[in-house]
Amino acid sequence: MINGGRVVVFGGSGFLGRHIVRRLAKAGARIIVAARDAEAAAQLKPVGDPGQVVPRRADLLDEASVAAAAAGADVVVNLVGILFESGRQSFAAVHTQGARRVAEAASAAGAKRLIHVSAVGAAPTSRSLYARTKAAGEAAVREAFPHATIVRPSIVFGPEDVFFNRFAAMARFTPALPLIGGGHTRFQPVYVGDVAEAVLRIAADPATAGKTYELGGPRVYTFREVLEVVLRATGRRRLLVPLPFWAADLEALFLERLPKPLLTRDQVKLLRRDNVVGANAPGLADLGITPTSVEAVVPAYLARYRRAGAAQSAPSP
Ligand SMILES: NC(=O)c1ccc[n+]([C@@H]2O[C@H](COP(=O)([O-])OP(=O)(O)OC[C@H]3O[C@@H](n4cnc5c(N)ncnc54)[C@H](OP(=O)(O)O)[C@@H]3O)[C@@H](O)[C@H]2O)c1
64 MINGGRVVVF
74 GGSGFLGRHI
84 VRRLAKAGAR
94 IIVAARDAEA
104 AAQLKPVGDP
114 GQVVPRRADL
124 LDEASVAAAA
134 AGADVVVNLV
144 GILFESGRQS
154 FAAVHTQGAR
164 RVAEAASAAG
174 AKRLIHVSAV
184 GAAPTSRSLY
194 ARTKAAGEAA
204 VREAFPHATI
214 VRPSIVFGPE
224 DVFFNRFAAM
234 ARFTPALPLI
244 GGGHTRFQPV
254 YVGDVAEAVL
264 RIAADPATAG
274 KTYELGGPRV
284 YTFREVLEVV
294 LRATGRRRLL
304 VPLPFWAADL
314 EALFLERLPK
324 PLLTRDQVKL
334 LRRDNVVGAN
344 APGLADLGIT
354 PTSVEAVVPA
364 YLARYRRAGA
374 AQSAPSP
């Protein structure tokens, strides 16, 4: 199915997508990288042989472009997701209606497999619209393509991630970092390479059809512990200042007006709930993948934020 198969990756130019496309190319797939910015998608052409990786403009808000991109697919992977709303890119339009459109297009194209990437915490009862629309997207996908495989990662880390890089960048300029909600929220960060490998193994194994996988790393960290990892990796000492949820909410009210908001009120709502994989959900182990630790990877790519002259093994903050 993978070697020689046609795999259409919606959102293939993003953080996760770039890793997945690289692996699919190595495995011998013929890949269509579908995204709104076809030029960004075209930058992935060199990861495969000539003609193996083909960029294609597609917008999940435009049904005809989705159907055209999915045509002839053996496998469809949907990685499209947003962290904040802007203009027509609402959570409902992208996570729910967009997900439905991809699933319907995959079904109409006669694709054998659909892998839909959602997120840990997706729930119809969540306070966060991000999480509610992700849950509605999963339901819509199941309706249109019952044997789709749903993948829900916790926070994903790796060079170019949003989470660890953002706090490392902040630590360069601010004397203190905010412990939103006191820093007690728990995360299970998962390595981008492990998520990419999981998608590849799911695509290759028909027994994974119809299942929902939750992907987390080997250790659970509190928000405070995540910031401590960042400070150790960057060799900086910063105050970690508890910021109650109501105060973070107020701050987000202003920050979410930025074109690329650092924090939104919806993200504060997400931070009120732990982001760890369910005890009984199938995960990386079921796919035969040993999860990579934060400590094995994060210090290397956060090294560029190190204070000049900071010792390589900086003391705990
Ligand atoms: N990164 C994490 O920590 C994390 C954690 C849990 C779940 N996830 C989920 O994993 C998936 C991938 O995340 P990521 O971090 O790789 O995201 P990303 O880097 O922001 O990539 C998103 C991709 O979606 C495309 N896209 C956005 N809007 C689109 C639209 N309307 N139509 C077509 N393509 C569109 C983007 O390209 P264009 O802008 O050019 O269209 C890009 O290729 C998402 O569903 C996300 O919710 C991520």
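Under this note's numbering, think of the first position of the sequence shown as 64, with each following residue one higher.
Glycine included, every Cβ here is placed at the ideal spot set by N, Cα and C.
A quick note: this is a predicted structure, and the numbers were derived from the prediction, not measured.
| Query | Result |
| --- | --- |
| Beta-carbon spacing of V339, F220 below 8 Å | no |
| Identity of the residues DSSP links to R295 by a beta bridge | According to DSSP, which records beta bridges pairwise, R295 is partnered with nothing at all. |
| Distance between beta carbons of P241 and L306, contact taken as under 8 Å | 4 Å |
| contact_flag[the segment 171–180, the segment 134–144] where n(CB pairs < 8 Å) is 3 or more | yes |
| Per-residue DSSP class, three states only, for N343 | coil |
| For E319, the three-state DSSP class (helix, strand or coil) | coil |
| Distance cut-off 7 Å: D122 Cβ against heavy atoms of ligand 1 | yes |
| Near ligand 1: G144 beta-carbon under 7 Å from a heavy atom | yes |
| Delimiting residues of the beta strand (DSSP E) encompassing I383 | Within the shown structure, residues of the chain are numbered from 64 to 380, placing residue 383 beyond reach of any answer. |
| Simplified DSSP state of Q152, which is helix, strand or coil | strand |
| Test item: CB-CB of P324 and L316 under 8 Å | no |
| Unbroken alpha helix (DSSP H) run spanning H247, endpoints | Looking at the DSSP string, H247 is not in any alpha helix (DSSP H), and its letter there is neither H nor E. |
| Residue range of the unbroken beta strand (DSSP E) whose run includes A98 | 93–98 |
| CA-to-CA distance, P222 to R301, given in whole angstroms | 23 Å |
| Assigned secondary structure, T212 (DSSP; H/G/I helix, E/B strand, else coil) | strand |
| Which of helix, strand or coil DSSP assigns to T275 | strand |
| Q152 Cβ short of 7 Å to ligand 1 heavy atom set | yes |
| Beta-carbon proximity of G184 to R282, cut-off 8 Å | no |
| P362 - containing alpha helix (DSSP H), residue span | 357–365 |
| Contact under 8 Å by Cβ, F78 with D224 | yes |
| Cα-Cα separation, D125 to R163 | 12 Å |
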